[in-house]
Amino acid sequence: MKEAEDLNPRQVLDQKDGLQIVDVREPNEWAGGHIEGAHHIPMNDLPARLAEIDRDRPVVTVCRSGARSGQVATYLAQAGFTVHNMDGGMVAWERQRLPVERPQGGSGTGAGRWSLFTRKGHSA
55 MKEAEDLNPR QVLDQKDGLQ IVDVREPNEW AGGHIEGAHH IPMNDLPARL
105 AEIDRDRPVV TVCRSGARSG QVATYLAQAG FTVHNMDGGM VAWERQRLPV
155 ERPQGGSGTG AGRWSLFTRK GHSA
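Position one of the sequence shown corresponds to residue 55 (the numbering used here), numbered consecutively onward.
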């Protein structure tokens, strides 16, 4: 079985063009700022939206701190994806002052409510 490996924010930035960045945070967190070019799929929506992720390209999962995205990375690895988790999440990304795309009115990386894959019988 494949396992997910961590990448730090600088590695993600340096390799960004060859990666699919999947941000699994809630919509309010995404609106507060995200990595340019990231694909937003909230954690609980992932099982239903799995087809949106290209199996032929490496994936990096991102959340606020790295916990939720770590769970999603494990899920994707078990599903056969080549996947990495961004260690420290957007908190670490912003701490390193890396570029963040913010829609007007967005603020911060505050956590929303979440649980892992509770839809239609899916579980971690």
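Quick reminder that beta carbons are idealized off the backbone N, C-alpha and C, glycines included. In this text the structure is predicted, and so the values were computed from the model without any measurement.
Integer Cβ distance of His138 from Leu67, believed to fall under 8 Å: About 13 Å separates the beta carbon of His138 from that of Leu67, a gap too long to meet the 8 Å contact definition.
Three or more C-beta pairs below 8 Å linking the segment 140-150 and the segment 94-110: Short answer: they don't touch.
Coarse secondary structure for Val116, derived from DSSP in three states: Three-state DSSP puts Val116 in a strand.
Where the beta strand (DSSP E) through Leu61 begins and ends: Per DSSP, Leu61 is one residue of the beta strand (DSSP E) stretching across Glu59 to Leu61.
Residue range of the unbroken beta strand (DSSP E) whose run includes Asn98: Element bounds for Asn98: n/a, residue is neither H nor E.
Contact under 7 Å by Cβ, Pro96 with Glu80: Yes, these two residues count as a Cβ contact at 7 Å.
Anticipated Cβ contact below 8 Å, Pro112 with Gln74, distance rounded: By a beta-carbon distance limit of 8 Å, Pro112 contacts Gln74. Their separation comes to about 7 Å.
Presumed contact (8 Å Cβ cut-off) between Val116 and Asp71, rounded CB distance: With a Cβ gap of about 16 Å, Val116 and Asp71 do not count as contacting.
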